[in-house]
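**Q** Numbering (our numbering), first residue to last: 464 to 567.
Here it is, the structure, as structure tokens.
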Amino acid sequence: MEKWEGALQAAEKGTLLRLRVTPRSRVNALEVSEGSLRVRLIAPPVEGKANELLLGFLSQLLDLPARRMELVGGHKSREKLVWIDLTLPEVRQRLAEVLRKKER
Numbered sequence: 464m465e466k467w468e469g470a471l472q473a474a475e476k477g478t479l480l481r482l483r484v485t486p487r488s489r490v491n492a493l494e495v496s497e498g499s500l501r502v503r504l505i506a507p508p509v510e511g512k513a514n515e516l517l518l519g520f521l522s523q524l525l526d527l528p529a530r531r532m533e534l535v536g537g538h539k540s541r542e543k544l545v546w547i548d549l550t551l552p553e554v555r556q557r558l559a560e561v562l563r564k565k566e567r
């Protein structure tokens, strides 16, 4: 089990993903930091732009339509909670693939 997998939690219908978001970054990126998942976004944290970009970015990473995700916590915080309409093993596998590709 990877350290970042603590950011995942099975939900009744899907998976909850806990992230730390850093807005106004140079690039959009997913990284592991101190055992947790961090997302860097180029969007500013105003008028929901960073939240919107977060769901779009996760949609690309997980190869899943954004309509199958929802920001359920942390709307005005750097600590976000995203519900994903996939099982815990599916999310774990897709994130592991993304992070492995990044390491290359």
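We put the CB at the ideal spot given by N, CA and C, even for glycine.
Beta carbon of Leu544, beta carbon of Arg531: below 9 Å?
**A** Their beta carbons are not under 9 Å apart, which means Leu544 does not touch Arg531 by this criterion.
**Q** Quick one: what's got a C-beta closer than 6 Å to Leu516's C-beta in the same chain, skipping five residues either side?
**A** Taken in chain order, the residues that qualify are Leu504, Ala506.
**Q** Note down, in chain order, each residue of its chain lying with its Cβ closer than 6 Å to the Cβ of Ala492, except the 5 sequence neighbours on either side.
**A** Here the set comprises Arg503.
**Q** Taking 8 Å as the limit between beta carbons, can you name the residues of its chain near Gly477, skipping five residues before and five after?
**A** If we look at Gly477 and ignore the five residues flanking it on each side, its Cβ neighbours are Trp546, Ile547, Asp548, Leu549, Thr550.
**Q** Taking a contact to mean a Cβ-Cβ separation below 9 Å, would you say Leu521 touches Leu562 in this structure?
**A** Not in contact: Leu521 and Leu562 (Cβ atoms no closer than 9 Å).
**Q** DSSP three-state call for Ser540: helix, strand or coil?
**A** Ser540: coil per DSSP, three-state reduction.
**Q** Excluding the 5 residues preceding and the 5 following Ala529 in the sequence, name in chain order all residues of the same chain whose CB lies nearer than 7 Å to its CB.
**A** Result list for Ala529: Leu518, Gly519, Ser522, in chain order.
**Q** For Ala513, report the span of its alpha helix (DSSP H) as first-last.
**A** 512-525 is the extent of the alpha helix (DSSP H) around Ala513.
**Q** Is Ala559 buried or exposed, if buried means 16 or more other CB atoms sit within 10 Å of its CB?
**A** Burial call: exposed.
**Q** Under the three-state reduction of DSSP, which class applies to Arg531: helix, strand or coil?
**A** In the structure shown, Arg531 sits in a helix (DSSP, three-state: H, G or I).
**Q** Ala470 to Gly498, Cα distance in whole Å?
**A** Roughly 9 Å between the two C-alpha positions.
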